[in-house]
């Protein structure tokens, strides 16, 4: 597409005349003294500029030797020239999400930190409970909502409960957030091993602000035992998160709880060992890019 460029073309767009009654082209009939429709400069300029406005919106420079520019412009504007990108964050603390150039929208998945596993009971093989997973918020956000960048905070995974007489519960997972748009609370830590009493598991965190807000899976309980060397004793398993599996629970005497991953819960421990840490919160951005 190229604007008219012969010697008779105007250097700037002339002001159009007053609007008449809208109609249609006709061939005319000389025998009945009906004139054919005259193609005016106003009409030709209107068609030319309508086409040029589409090219301009798609950032396409007019070319006299290209004959598919209008087609390419329409494809770009309706998203047929869309590519995809992704960014992932999985370390607790403060971050900044800066969209890739041309990002039109982004599917965002945000998960809170996982709760820790409970510590064991020193004098017996009683097991702590598994920590719960962080909640998850899922949203489809536009470039206008994100802006040039958006602050991102990922919740820390809970620190495993300490063994003792009795052991300790440990700490809950931290909250993850994307500016004021989304948040996901952390999972609750698993209860400690306490002689023959079964340890109480933690409850999952909760997502908010998304089109889909998920509650994290709760941890599993530990088995109480009054025996110092109980071959059948076990601790609770950490809960699975949206992004990863929970830490394994310790077994038998002095079984160490496993560490959670990506917002999942830490496993509980048995006897004189500490519970596993919860996994740090994480965020995944799947970008839809035009151009």
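In the numbering used here, the protein residues as written are 2 to 292.
C-beta atoms are modelled at their ideal positions from N, C-alpha and C, and glycine is treated no differently.
Using a Cβ distance threshold of 8 Å, residue 72 and residue 52 do not count as a contacting pair. Residue pairing from DSSP places residue 283 in a beta bridge opposite 112.
In the DSSP assignment, the residues bridged to residue 30 are 35. Apart from the 5 residues on each side of it in sequence, residue 286 sits with its Cβ closer than 7 Å to the Cβ of 87, 88, 98, 107 and 109 in its chain, given in chain order. With fewer than 16 neighbouring CB atoms inside 10 Å of its own CB, residue 27 falls in the exposed class. In the three-state scheme derived from DSSP, where H, G and I count as helix and E and B as strand, residue 151 is classed as strand. The alpha-carbon separation between residue 48 and residue 19 amounts to approximately 17 Å. Look at residue 53 here: in three-state DSSP terms it is helix. Residue environment analysis places residue 282 among the buried positions, since at least 16 neighbouring C-beta atoms fall within 10 angstroms of its C-beta. Boundaries of the alpha helix (DSSP H) around residue 77: 70-78. Closest in alpha carbon position to residue 56, among 275, 103, 4 and 9, is 4. Beta-bridge annotation (DSSP): residue 214 is paired with 138. Apart from the 5 residues on each side of it in sequence, residue 219 sits with its Cβ closer than 7 Å to the Cβ of 133, 202, 203, 204, 205 and 240 in its chain, given in chain order. Beta bridge pairing from DSSP links residue 288 with 86 and 107. Residue pairing by DSSP leaves residue 189 without any beta bridge partner.
Taking the Cα of residue 245 as reference, the smallest distance to any Cα among 136, 171 and 36 is reached at 136. Note on geometry: alpha-carbon atoms of residue 264 and residue 121 lie some 22 Å from one another.
In the structure shown, residue 245 adopts coil according to DSSP, grouped into three states.
Under the DSSP assignment, residue 98 falls in the beta strand (DSSP E) whose first and last residues are 94-98.
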